[in-house]
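Novice: Be aware that the sequence shown starts at -17, since it is given in my numbering, and climbs by one per residue.
Where a beta carbon is used, it is the ideal one built from N, C-alpha and C, also for glycine.
The structure follows.
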Amino acid sequence: MNTPARFGHIDGNAVNIDCWLTIHPGDARNWNRRPSVRLTAGEPALNRGERAINVKLTLPLALFEAPSIVARIDVAEPTAPVTIDASAVADAVKSAIGMDVDVRVANPEDKS
-17 MNTPARFGHI DGNAVNIDCW LTIHPGDARN WNRRPSVRLT AGEPALNRGE
33 RAINVKLTLP LALFEAPSIV ARIDVAEPTA PVTIDASAVA DAVKSAIGMD
83 VDVRVANPED KS
């Protein structure tokens, strides 16, 4: 049995929802009146002063899919030895943050 659900269904690439928005403007005797809103799946029973609006939503299924990004980065061994110019690094950092820094290059095998 492939009948659509009573208040919503999936059709192709979209989710269709049929619901009701009920609005009450608040008590007119209260200077600080606050409206109230409720959402129901079926047609609501209304109190005096309430108004119901039938809302039909059509949302793309892609909205409910979590995106996933997969990347692979391979770094090859350098063919030439890597040299780091500490003074160039210090000058670049100084120009970026406006402060003098003391940059030293240490061999990864030296743990001092």
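Could you tell me the distance, in whole angstroms, from the CA atom of Trp13 to the CA atom of Asp0?
Specialist: 35 Å
Novice: According to DSSP, is Leu21 part of a helix, a strand, or is it coil?
Specialist: strand
Novice: Mind checking who Pro49 pairs with in its DSSP beta bridge?
Specialist: In the DSSP output, where bridge partners are listed per residue, Pro49 has none listed.
Novice: My output table needs one value for Leu28: the three-state DSSP class, helix, strand or coil.
Specialist: coil
Novice: Who does Arg33 pair with in a DSSP beta bridge?
Specialist: Answer by DSSP bridge pairing, in chain order: Ile5.
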